[in-house]
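Residue numbers (the working numbering), protein chains in the order written: chain A, 1 to 107; chain B, 1 to 107; chain C, 1 to 107.
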């Protein structure tokens, strides 16, 4: 059973990552977010392998907030096709999950 | 099918993160743990958006060990409501999963 | 429902992590990969608790590519029993998931 979601996106500066995180938390679309980086991203671009520096944002939210959070990230993000992926939380501390639900109840 | 769990917590220093990691591995409640940080955490606090530095701990364990690991983290952690969330592992190398089960069999 | 997979491995240098990431992306076994590190790994070794520096690689791929990606990592990796674990993606941006499937369609 999915109790909550960890939603991931990546962007190309610490400032943009913080803007994405703050905006989602401010709008109550996530209870909190963690920014990790720089990380090295490796991907295909025009038939070559590119590497670039990126920052990862991990949002903690509920299933109920997911669609609105995805729309928020897509709107604020400046990539054409940003990574937006959600991983399920299947166990968790009852107190933390209650806090997470409370923080996002207005989202 | 859930084959194993990745359990996450965050705390506010590298030393506390290592204490949480070592304690769980020592008690055989996790096969291993990885500490990542500092990361930037963004959350609501008293009607404002706060950011702070934290360290993430990713424990690798089994479903059988989860409840005892959660109780261990809650006891050692000095936050009132620490993040304790488990994400499911749905595929994995058979050799690594066997090692993970063996390492935690006394947990 | 699993829409995609995030596959994790860890290794002991940034160079080996990049080799693992580039090889998988080049072979179309992952749409992209992110390398994070150094992280501090904590584990049992010969009845003591060891800590060491490692780098984490997060591959983004499909369920269809998983077995071939696992075999690739096991072949390139120089650990006897490397960590290879897959976490499910249960929600995601339709555009990003389509890109992920397209990038790995030859894998």
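Where is the CB? At the ideal position from N, CA and C, for every residue including glycine.
In this text the structure is predicted, and so the values were computed from the model without any measurement.
**Report entry** Proximity of residue 27 (chain C) and residue 72 (chain C) at Cβ, strictly below 8 angstroms
**Finding:** On the third chain, residue 27 (chain C) is found 27 positions in, with the first residue counted as 1. On the third chain, residue 72 (chain C) is found 72 positions in, with the first residue counted as 1. Yes; because the gap between Cβ atoms is below 8 angstroms, this pair is in contact.
Query raised in the report: From the beta carbon of residue 95 (chain B), is the nearest beta carbon of chain C less than 8 angstroms away?
Result: Here residue 95 (chain B) refers to the residue found at position 95 of the second chain. Yes - at least one Cβ of chain C is within 8 angstroms of the one on residue 95 (chain B).
Query - Close beta carbons around residue 100 (chain A), own chain, < 7 angstroms, minus the five adjacent residues each side - result: Stepping through the first chain from its first residue, residue 100 (chain A) is reached at position 100. Only 4, 31, 60 and 62 meet the Cβ criterion.
Report task. In angstroms with no decimal places, state the Cα-to-Cα distance between residue 51 (chain C) and residue 64 (chain B). Result -> The residue you call residue 51 (chain C) lines up with position 51 of the third chain. The residue you call residue 64 (chain B) lines up with position 64 of the second chain. Their backbone Cα atoms lie some 25 angstroms apart in a straight line.
Query raised in the report: If you measure beta-carbon to beta-carbon, which residues of the stretch 61 to 89 of chain B are closer than 9 angstroms to chain A?
Result: 63, 66, 67, 70, 73, 74, 80, 81, 82, 83, 84, 85, 86, 87 and 88
Query raised in the report: Is the CB of residue 5 (chain C) under 8 angstroms away from at least one CB in chain B?
Result: Taking the first residue of the third chain as position 1, residue 5 (chain C) is located at position 5. Interface residue, yes.
**Report entry** First through last residue of the alpha helix (DSSP H) which encompasses residue 96 (chain B)
**Finding:** Against the second chain, residue 96 (chain B) aligns to sequence position 96. First-last of the alpha helix (DSSP H) with residue 96 (chain B): 94 to 103.
Query raised in the report: With a cut-off of 8 angstroms, does the C-beta of residue 25 (chain C) fall near any C-beta of chain B?
Result: Taking the first residue of the third chain as 1, we reach residue 25 (chain C) at position 25. Cβ-Cβ to chain B under 8 angstroms: no for residue 25 (chain C).
Query raised in the report: Just to confirm, are residue 23 (chain B) and residue 76 (chain B) a CB contact at a threshold of 8 angstroms?
Result: Your numbering for residue 23 (chain B) matches position 23 in the second chain. Your numbering for residue 76 (chain B) matches position 76 in the second chain. Yes.
**Report entry** Rounded separation between residue 103 (chain C) and residue 7 (chain B) - CA only
**Finding:** Taking the third chain and counting its residues from 1, the one referred to as residue 103 (chain C) is at position 103. Taking the second chain and counting its residues from 1, the one referred to as residue 7 (chain B) is at position 7. If you take the alpha carbons of residue 103 (chain C) and residue 7 (chain B), they lie about 30 angstroms apart.
Query raised in the report: Ordered along the chain, which non-local residues of its own chain (more than five positions away) have a Cβ less than 6 angstroms from that of residue 107 (chain B)?
Result: On the second chain, position 107 is the one that residue 107 (chain B) refers to. Cβ neighbours of residue 107 (chain B) beyond the five flanking positions: 28, 29 and 65.
Report task. Examine chain A for any beta-carbon lying closer than 8 angstroms to the beta-carbon of residue 2 (chain B), and answer yes or no. Result -> Sequence index remark: in the second chain, residue 2 (chain B) carries index 2 (1-based). With 8 angstroms as the cut-off, residue 2 (chain B) counts as an interface residue toward chain A.
Query - Nearest-angstrom Cβ-Cβ length linking residue 21 (chain A) and residue 35 (chain A), presumed shorter than 8 angstroms - result: Reading the first chain from its first residue, position 21 is the one you call residue 21 (chain A). Reading the first chain from its first residue, position 35 is the one you call residue 35 (chain A). Contact flag correct, Cβ pair sits at about 6 angstroms.
Query - Identity of the residues DSSP links to residue 50 (chain A) by a beta bridge - result: Against the first chain, residue 50 (chain A) aligns to sequence position 50. Its beta-bridge partners are A:43.
Query raised in the report: Since residue 101 (chain A) meets chain B, which of its residues come closer than 9 angstroms, beta carbon to beta carbon?
Result: If you number the first chain from 1, residue 101 (chain A) lands on position 101. Ordered by position in chain B, no residue passes the 9 angstroms Cβ test against residue 101 (chain A), which lies about 12 angstroms from the chain.
**Report entry** Residue interval of the beta strand (DSSP E) (run including residue 14 (chain A))
**Finding:** Position 14 of the first chain holds residue 14 (chain A). Taken as a continuous stretch (DSSP letters only), residue 14 (chain A) belongs to no beta strand (DSSP E), being part of the alpha helix (DSSP H) at 14 to 26.
Query raised in the report: Between the beta-carbon of residue 45 (chain A) and the beta-carbon of residue 14 (chain A), is there less than 8 angstroms?
Result: For this step, residue 45 (chain A) is matched to residue 45 along the first chain. For this step, residue 14 (chain A) is matched to residue 14 along the first chain. Going by C-beta atoms, residue 45 (chain A) is not nearer than 8 angstroms to residue 14 (chain A).
Query raised in the report: How many angstroms separate the CA atom of residue 2 (chain B) from the CA atom of residue 86 (chain B)?
Result: Locating residue 2 (chain B) in the second chain gives position 2, where the first residue counts as 1. Locating residue 86 (chain B) in the second chain gives position 86, where the first residue counts as 1. Their backbone Cα atoms lie some 11 angstroms apart in a straight line.
Query raised in the report: Using Cβ-Cβ distances below 7 angstroms, what residues of the stretch 35 to 61 of chain A are close to chain B?
Result: 35 and 36
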